[in-house]
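One rule links them: number in my numbering = place in the sequence shown (from 1) + 899. Quick reminder that beta carbons are idealized off the backbone N, C-alpha and C, glycines included. Since the model is a prediction, treat every value here as computed from it, not as a measurement.
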Amino acid sequence: MRRFVPASPFVALAGIELVELDDGHAELRLPYRDEVATMGTVVHGGAIATLVDTAAMAAAWAGADVPDELRGATVALTVTYLAPADGQDVTAVATVLRRGRRLTTVRVDASTPDGTAVASGLVTYQLG
């Protein structure tokens, strides 16, 4: 998983960086740049949702048996936006809440470096 996150073409395009990865836990960062902004310098909600989804996927696989050919899919994604991320990086911390045989439920909290909570997500991810 440590190699997959930076090697994923979409993740690379989005500019998402892996910060930390442990069993059932992942921390990823979306550095601020003009391309992720919507109006002015506010980070686009879709960019934050992408970060939440990617962090959940990484946490779901962290600690699971990772096959040679990685397959999986987001089954459900709910993002609640709490505050704008204005011209700042956004960090997502994802934690596995429940791991079933195929489905994993992950909570994701996204915030800015100043501690502002910008989004909360609940993701169901299907492994393999």
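Boundaries of the alpha helix (DSSP H) in which residue 944 is found, first to last residue: Reading the sequence shown from its first residue, position 45 is the one you call residue 944. Looking at the DSSP string, the run of the alpha helix (DSSP H) that includes residue 944 is 944-960.
Cβ pair residue 1015, residue 958 closer than 9 Å: Here residue 1015 corresponds to residue number 116 of the sequence shown, with the count starting at 1. Here residue 958 corresponds to residue number 59 of the sequence shown, with the count starting at 1. Not in contact: residue 1015 and residue 958 (Cβ atoms no closer than 9 Å).
For residue 933, the three-state DSSP class (helix, strand or coil): Looking up residue 933 in the sequence shown gives position 34. Here residue 933 sits in helix by DSSP.
Rounded separation between residue 945 and residue 951 - CA only: Residue mapping note: residue 945 aligns to position 46 of the sequence shown, counting from 1. Residue mapping note: residue 951 aligns to position 52 of the sequence shown, counting from 1. For residue 945 and residue 951, the distance between alpha carbons rounds to 10 Å.
Sequence-distant residues of the same chain with beta carbon closer than 8 Å to residue 915, five excluded per side: On the sequence shown, position 16 is the one that residue 915 refers to. If we look at residue 915 and ignore the five residues flanking it on each side, its Cβ neighbours are 904, 927, 928, 929, 949, 950 and 953.
Residue 912 - DSSP class collapsed to helix/strand/coil: To locate residue 912, count along the sequence shown from 1; it is residue 13. Note: residue 912 maps to helix in three-state DSSP.
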